[in-house]
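For the sequence shown, position 73 (counting from the first letter as 1) is numbered 73 according to the UniProt record's numbering, and the numbering increases by one without interruption.
Beta carbons are placed, not taken as given, at the ideal position from N, Cα and C, and that holds for glycine.
Data block below; observations after.
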Amino acid sequence: MVEELLRGLKQLPGLDGPLSARVIDDGDAVAAWEGPRLAAVLFPTGETLGDVRRIAEAHKDGLVLIVNPQWVTEGNVVSDLGFLPWARKANEELIASFQETYVLKQLRISSDDVRLLRSYPAPWQVNLARPDNPSVNECVAQLAERPPYKELEGILRGVSWSMSSKPIGERLAYEAQFVRKSLHPLPRQQQLDKGE
């Protein structure tokens, strides 16, 4: 997929030319493609941010893509972006220098299945699966900026049919039902287990 995307981008004026590919980290499948004015890093981790920084600096006048970054920027006690405050700050600034152009992130918040979507230049969308029909997702909010977790919680509480708007007892019963269903094998697996 990434190679196909890069082939398409190379058709644009100023981004043409050969690309060299290399593996940055075998264990985490981190790879990079670099050309004169075009570069991409696939699956970068917190440990490979130094490589991302070198690639970004080498292509200041071009286009650099980060595809499926694997770092987590919030919620961790030990940060993926570095332990020392100045290192973390430098890595946060590096990440902030990139514009998020396509994001699809699935979250589970207070028993609600949420999909956060951004497809540039459209605004951020908060899509919520209906508890009574999980295959149906509805857009419940559009925002100019990526919403932090606390803001998502508030948005969900404001949707009358969301689980987040329900009393705690109802949410716990729904979550228990969800867990029970997740413990059952899939229908095909049941057939295989029975030798059918």
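Collapsed DSSP secondary structure at residue i in the structure displayed
i    : result
V77  : For V77, the pLDDT reaches just 46, beneath the cut-off of 50, and the residue's location in the model is therefore unreliable, although a value from the coordinates is still provided. Here V77 sits in coil by DSSP.
Q106 : strand
T45  : coil
L63  : strand
S164 : helix
R22  : strand
S182 : helix
Cβ-Cβ separation, residue j to residue i (assumed contact under 8 Å), whole Å
i           : j    : result
W33         : L6   : 6 Å
V41         : I66  : 5 Å
residue 198 : P147 : Because the chain in this structure spans residues 1 to 196, residue 198 falls outside the shown range and cannot be described.
G35         : L12  : With a Cβ gap of about 12 Å, G35 and L12 do not count as contacting.
residue 197 : E92  : Any question about residue 197 goes unanswered here, given that the chain covers just 1 to 196.
Nearest to residue i (by Cα), restricted to the options the options
i    : options                : result
G14  : R171, T45, V52 and D61 : D61
L90  : G50, V30 and P148      : The sequence given here has Ala at residue 90, not Leu. Taking only the C-alpha atoms, the option nearest A90 is G50.
R115 : A122, Q106 and P121    : Q106
R130 : L9, R37, A39 and Y174  : Y174
G27  : L128, P44 and A122     : P44
P168 : R37, S111 and I24      : It should be noted that the sequence gives Ile, not Pro, for residue 168. Nearest of R37, S111 and I24 to I168, Cα basis: S111.
L143 : A122, S162 and M1      : A122
Identified DSSP bridge partners for residue i
i    : result
R115 : Q106 and N127
L143 : W124
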